[in-house]
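Enquirer:
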Amino acid sequence: MAPNYSLHTIPVYWFLALAPHAYAIGVAKRANNGVWDNTNPRNTSYLTQNIVDKEALARYERAEAAHANGMENAPFFVGAVLAGNLAGLDAATLNAYTGVYIGLRVLYNVLYVRTTTLRSSRARSLVWGASTD
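Residue numbers for the sequence shown follow the UniProt record's numbering, beginning at 1 and rising by one.
#1: Along the chain, where does the alpha helix (DSSP H) that runs through Tyr23 open and close?
#2: Helix, strand or coil, according to DSSP, for Tyr5 in the structure here?
#3: So Ala91 packs on Asn4, CB below 8 Å; how close in whole Å?
#4: Under the rule that 16 or more other beta-carbon atoms within 10 Å means buried, what is Ser6, buried or exposed?
#5: Pick from Ala74, Val27, Leu86: whose alpha carbon is nearest that of Val12?
#6: Going by Cα to Cα distance, which pick from Ala2, Leu57, Leu107, Glu72 is closest to Gly26?
#7: Rounded to the nearest angstrom, what separates Tyr112 and Gly88 at their Cα positions?
#8: Among Trp36, Arg59, Ala31, whose alpha-carbon lies nearest the alpha-carbon of Ile51?
#9: Where does Thr117 sit, in a helix, a strand or coil, going by DSSP?
#10: I need the boundaries of the alpha helix (DSSP H) containing Asn85, first residue and last residue.
#11: Please report how far the alpha carbon of Ser120 lies from the alpha carbon of Ile102, in whole angstroms.
#12: Here's a check: name, in chain order, each residue in its chain whose Cβ is nearer than 6 Å to the Cβ of His67, leaving out the five neighbours to either side.
Structure, rendered in structure tokens:
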């Protein structure tokens, strides 16, 4: 019988959902001479006024969108992992599905942050679609 690692993917998923936000803060700081105003972190008008590099601003926005998507999908992933464990599904099956999902989320985050063209956005959407099946 295979060991069940599926529950361990929940904190891994949480890290993956938070990673784009940490990256976004780094992008904003680098584009704003090392300054990040944490007193009102959701104030995007501050960013648009202070970040003159439009590519950096777009990368910041894409990273924040990847973060939001990860948070929006967290309850579904956690619920599915818990339901699978409570239902007594085979550990190998749970490990395989959660492992593939985590891998797709890593790829999705990278594609989301790096996507700058319509063509590459289709690849990102394809990866997202694959992760929902």
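Beta carbons are placed, not taken as given, at the ideal position from N, Cα and C, and that holds for glycine. This structure is a prediction, so every number in the text was calculated from the model and none was measured.
Expert: Let me lay it out:
#1: Residues 9-31.
#2: If DSSP states are grouped into helix, strand and coil, Tyr5 belongs with coil.
#3: In this structure, Ala91 and Asn4 form a Cβ contact; the two beta carbons are roughly 4 Å apart against a cut-off of 8 Å.
#4: When all chains shown are included, Ser6 counts as buried.
#5: Relative to the Cα of Val12, the nearest Cα in the group Ala74, Val27, Leu86 belongs to Ala74.
#6: Closest by alpha carbon: Leu57.
#7: Answer to the nearest angstrom: the Cα atoms are 34 Å apart.
#8: Per the Cα distances, Ala31.
#9: Thr117 falls in the coil class under three-state DSSP.
#10: Counting along the chain, Asn85 sits inside the alpha helix (DSSP H) bounded by residues 54-86.
#11: If I take the Cα positions, the gap works out to 20 Å.
#12: So the list reads Pro20, His21, once near-sequence residues are dropped.
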